[in-house]
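Heads up: the protein sequence lines correspond to chains W and D, in order.
Number 75 in numbering that gives the first Met the number 0 belongs to position 76 of the first sequence; there are no gaps in the numbering.
Number 70 in numbering that gives the first Met the number 0 belongs to position 71 of the second sequence; there are no gaps in the numbering.
Cβ coordinates follow ideal geometry from the N, Cα and C atoms, glycine included.
The structure displayed is predicted, hence computed values, not measured ones.
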Amino acid sequence: MTALRYKQGRLFATHIQGFEYKEGNLSMSSLPLRHSPTARAFILVGIAAAVWVVAYNSLQPAADWITYRVLGLSPESHFGSALNFFLYDVPKILLLLSGMVFVITVLRSFVTPEQTRRWLGGRREGVGNVLAAAFGVITPFCSCSAVPLFIGFVESGIPLGVTLSFLIASPMVNEVALIMLLGTFGWQVALLYLVSGLTVAILGGIVIGRLRMERHVEGFVYQVKVRANTPNTDSRLTWPERFDQALSSTRDIVGKVWPFVVVGIAVGAFIHGFVPDAALAEILGKPAWWSVPLAVVVGVPLYANAAGIIPVVSVLLDKGVLLGTALAFMMSVVALSLPEMIILRRVLKPRLIGLYIGVVAVGIVLVGFLFNLILG
Amino acid sequence: MIEVKILGTGCPNCKRLEAETRAALDSAQIPYVLTKVTEIDQIAGYGILATPGLVMNEQVVSAGKIPARSWIIKWAQEREAASAE
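Below is the structure:
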């Protein structure tokens with residue numbers, strides 16, 4: 000069997016036939032051919048991918064085997080169907096997350112915030128906002144870097160509205176949320192989420208840009224003097240380094256979200272197995288015009304993990320909540336969070352923060368209405 | 000003796016970078032003084048777009064990630080060699 004472990008910033012492979020771990024490098028002592036570190040890294044990733052595909056395809060049989068054969072539960076029983084759902088969904092989502100976060104991080108290692116800034120330099124409103132929103136999705140970025148990034152963008156002359164398109168898109172189109180939607184609802188809903196998130200970020204940035212809010216940026220931002228020495232960070236990475244970093248951040252992200260996935264799916268499995276459809280449909284099923292704004296108002300102060308919210312949303316959807324309402328709820332939870340607003344408060348004055356929240360919230364409400372209208 | 004600065008507002012990654020840097024430089028027996036820069040306008044002054052940033056002898060060597068220890072040692076040795084000349 001294959002076991003990939005991660006230890007002290009190095010790719011660590013044990014028990015793979017033909018591979019042996021030596022001094023931080025993967026060596027293939029039993030194979031006569033000499034391979035470069037790059038070739039070795041690719042071979043390892045290839046093997047891991049093959050194991051992943053086999054594991055992914057054996058999930059449903061394995062879940063069936065455990066619930067119905069080993070435990071002898073009936074597929075018709077509440078507990079049996081809930082347990083089967085749980086045993087299938089938890090490993091499925093975790094596998095999808097690990098695999099796709101790895102791929103996304105490898106791709107992201109080709110983009111750096113410095114390159115993004117160079118790309119956005121000199122772009123006008125419109126084209127600039129579209130590019131900024133797109134880069135907001137693909138640039139590796141964590142919310143604790145929001146302030147230096149904001150200052151760096153503004154200081155290099157990128158318009159405020161374009162910078163904000165980047166800052167809105169980045170949390171709004173969350174890679175974990177995207178993967179979870181893909182795993183739970185299929186690619187159509189995931190694509191819908193991606194496109195609508197980008198649209199809100201583009202339009203939100205344009206609106207704020209038009210309102211001439213520059214004086215509501217904290218004064219020191221314009222006074223920051225960057226020293227002459229420009230960062231000479233090594234952006235050219237080798238493939239083993241890219242895989243190494245990707246493995247490290249996959250471990251980070253999956254390590255952080257897995258409890259939310261388990262709890263979220265457990266709640267989902269419980270509702271799936273026990274709560275009769277009629278009960279929830281009675282409460283939430285009747286689509287009213289105020290259901291979308293209400294979902295956003297509830298979602299904004301709520302700061303939950305995307306990974307935990309989606310299994311619950313998926314069940315609500317099963318029980319009759321409209322897709323637009325459910326998506327609006329999820330987007331408002333993910334895109335607008337109190338911790339990020341507190342971080343941004345250091346560079347934006349209260350009025351601009353308020354406008355930021357308002358514009359994004361209104362954008363999400365419109366997206367919700369639109370989907371309910373089209374798909375309802 | 001090299002002068003090391005960790006640029007970051009105190010997020011978990013900044014603390015990890017500090018620990019990694021100390022471990023790397025200790026293991027390579029490179030003498031250093033380490034200071035933490037937490038004020039945002041000072042961090043921005045170094046021109047980095049993502050935290051945590053690593054500065055050696057007033058030069059930014061890394062930003063927005065936690066580099067491998069081998070890289071940290073290599074950068075430090077380069078700075079040491081440069082200052083010895």
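Start-to-end residues for the beta strand (DSSP E) that takes in residue i
{"i": "residue 61 (chain D)", "result": "58 to 62"}
{"i": "residue 52 (chain D)", "result": "52 to 55"}
Chain-order list of residues whose beta-carbon lies under 6 angstroms from that of residue i (same chain, five-residue window excluded)
{"i": "residue 239 (chain W)", "result": "36, 40"}
{"i": "residue 24 (chain W)", "result": "Because residue 24 (chain W) sits at a pLDDT of 44, beneath the cut-off of 50, its placement in the model cannot be relied upon, and the following sentence gives the value as read from the coordinates. Within the same chain, residue 24 (chain W) has no close Cβ partners at all."}
{"i": "residue 22 (chain W)", "result": "With a pLDDT of 41 at residue 22 (chain W), under the threshold of 50, the predicted position of this residue should be treated as unreliable, though the coordinate-derived value follows. Excluding positions up to five away in sequence, the list is empty."}
{"i": "residue 217 (chain W)", "result": "346"}
{"i": "residue 29 (chain D)", "result": "75"}
{"i": "residue 114 (chain D)", "result": "Outside the displayed range of chain D (0 to 84) lies residue 114 (chain D), so it cannot be described from this structure."}
{"i": "residue 71 (chain D)", "result": "20, 23"}
{"i": "residue 82 (chain W)", "result": "66"}
{"i": "residue 174 (chain W)", "result": "103"}
CB of residue i within 8 angstroms of CB of residue j, strictly
{"i": "residue 45 (chain D)", "j": "residue 32 (chain D)", "result": "no"}
{"i": "residue 2 (chain D)", "j": "residue 56 (chain D)", "result": "yes"}
{"i": "residue 152 (chain W)", "j": "residue 116 (chain W)", "result": "yes"}
{"i": "residue 86 (chain W)", "j": "residue 62 (chain W)", "result": "yes"}
{"i": "residue 223 (chain W)", "j": "residue 124 (chain W)", "result": "no"}
{"i": "residue 168 (chain W)", "j": "residue 135 (chain W)", "result": "yes"}
{"i": "residue 159 (chain W)", "j": "residue 205 (chain W)", "result": "no"}
{"i": "residue 334 (chain W)", "j": "residue 179 (chain W)", "result": "no"}
{"i": "residue 131 (chain W)", "j": "residue 78 (chain W)", "result": "no"}
{"i": "residue 370 (chain W)", "j": "residue 44 (chain W)", "result": "no"}
{"i": "residue 104 (chain W)", "j": "residue 245 (chain W)", "result": "yes"}
{"i": "residue 185 (chain W)", "j": "residue 92 (chain W)", "result": "no"}
{"i": "residue 203 (chain W)", "j": "residue 358 (chain W)", "result": "yes"}
{"i": "residue 51 (chain W)", "j": "residue 94 (chain W)", "result": "yes"}
{"i": "residue 133 (chain W)", "j": "residue 197 (chain W)", "result": "yes"}
{"i": "residue 336 (chain W)", "j": "residue 360 (chain W)", "result": "no"}
Beta-bridge pairing of residue i - partner residues as DSSP gives them
{"i": "residue 34 (chain D)", "result": "D:4"}
{"i": "residue 393 (chain W)", "result": "Because residue 393 (chain W) is not part of the residues shown, which for chain W are 0 to 375, the question remains open."}
Within chain D, the residues that residue i reaches when beta carbons sit closer than 9 angstroms
{"i": "residue 255 (chain W)", "result": "Near residue 255 (chain W) there are no residues of chain D at all, since even the closest Cβ is about 10 angstroms away, more than 9 angstroms."}
{"i": "residue 107 (chain W)", "result": "Result: empty, since nearest Cβ-Cβ is about 11 angstroms, beyond 9 angstroms."}
{"i": "residue 60 (chain W)", "result": "Simply none; closest approach about 40 angstroms."}
{"i": "residue 146 (chain W)", "result": "8, 39, 42, 43, 50"}
Neighbour list for residue i in chain D, Cβ cutoff strictly below 8 angstroms
{"i": "residue 224 (chain W)", "result": "44"}
{"i": "residue 151 (chain W)", "result": "43, 46, 47, 48"}
{"i": "residue 122 (chain W)", "result": "Near residue 122 (chain W) there are no residues of chain D at all, since even the closest Cβ is about 17 angstroms away, more than 8 angstroms."}
Close beta carbons around residue i, own chain, < 8 angstroms, minus the five adjacent residues each side
{"i": "residue 342 (chain W)", "result": "142, 143, 145, 146"}
{"i": "residue 374 (chain W)", "result": "321, 322, 323"}
{"i": "residue 344 (chain W)", "result": "352"}
{"i": "residue 213 (chain W)", "result": "159"}
{"i": "residue 31 (chain W)", "result": "Residue confidence is low: residue 31 (chain W) scores 43 on pLDDT, short of 50, so the model does not pin down where it sits. Its coordinate-derived value is still stated next. Contacts found: none."}
{"i": "residue 372 (chain W)", "result": "323"}
{"i": "residue 65 (chain D)", "result": "12, 15, 16, 19, 51"}
{"i": "residue 68 (chain D)", "result": "19, 22, 23, 26"}
The alpha helix (DSSP H) enclosing residue i, as first and last residue numbers
{"i": "residue 152 (chain W)", "result": "145 to 154"}
{"i": "residue 120 (chain W)", "result": "Per DSSP, residue 120 (chain W) belongs to no alpha helix (DSSP H) and is neither H nor E."}
{"i": "residue 192 (chain W)", "result": "186 to 209"}
{"i": "residue 86 (chain W)", "result": "77 to 107"}
{"i": "residue 450 (chain W)", "result": "Within the shown structure, residues of chain W are numbered from 0 to 375, placing residue 450 (chain W) beyond reach of any answer."}
{"i": "residue 102 (chain D)", "result": "The structure shown does not extend to residue 102 (chain D), since chain D is modelled only from 0 to 84, so the question has no answer here."}
{"i": "residue 331 (chain W)", "result": "322 to 334"}
{"i": "residue 172 (chain W)", "result": "Counting along the chain, residue 172 (chain W) falls outside any alpha helix (DSSP H), and DSSP gives it neither H nor E."}
{"i": "residue 53 (chain W)", "result": "36 to 56"}
{"i": "residue 78 (chain D)", "result": "68 to 83"}
{"i": "residue 293 (chain W)", "result": "290 to 298"}
{"i": "residue 43 (chain D)", "result": "39 to 44"}
Where residue i meets chain W, residues with beta-carbon distance less than 7 angstroms
{"i": "residue 40 (chain D)", "result": "219, 223"}
{"i": "residue 8 (chain D)", "result": "143"}
Close beta carbons around residue i, own chain, < 7 angstroms, minus the five adjacent residues each side
{"i": "residue 6 (chain D)", "result": "36, 42, 45, 47, 50, 51, 52, 54"}
{"i": "residue 327 (chain W)", "result": "291, 294, 295, 363, 364, 366, 367"}
{"i": "residue 325 (chain W)", "result": "312, 315, 316"}
{"i": "residue 97 (chain W)", "result": "249, 253"}
{"i": "residue 127 (chain W)", "result": "119, 158, 161"}
{"i": "residue 13 (chain D)", "result": "5, 7, 50, 51"}
{"i": "residue 225 (chain W)", "result": "154"}
Per-residue contacts from residue i into chain D (C-beta, under 7 angstroms)
{"i": "residue 376 (chain W)", "result": "Outside the shown range of chain W (0 to 375) lies residue 376 (chain W), about which nothing can therefore be said."}
{"i": "residue 113 (chain W)", "result": "48"}
{"i": "residue 345 (chain W)", "result": "39"}
Heavy atom of the ligand COA within 7 angstroms of residue i beta-carbon
{"i": "residue 347 (chain W)", "result": "This structure simply doesn't include the ligand COA, nor any ligand for that matter."}
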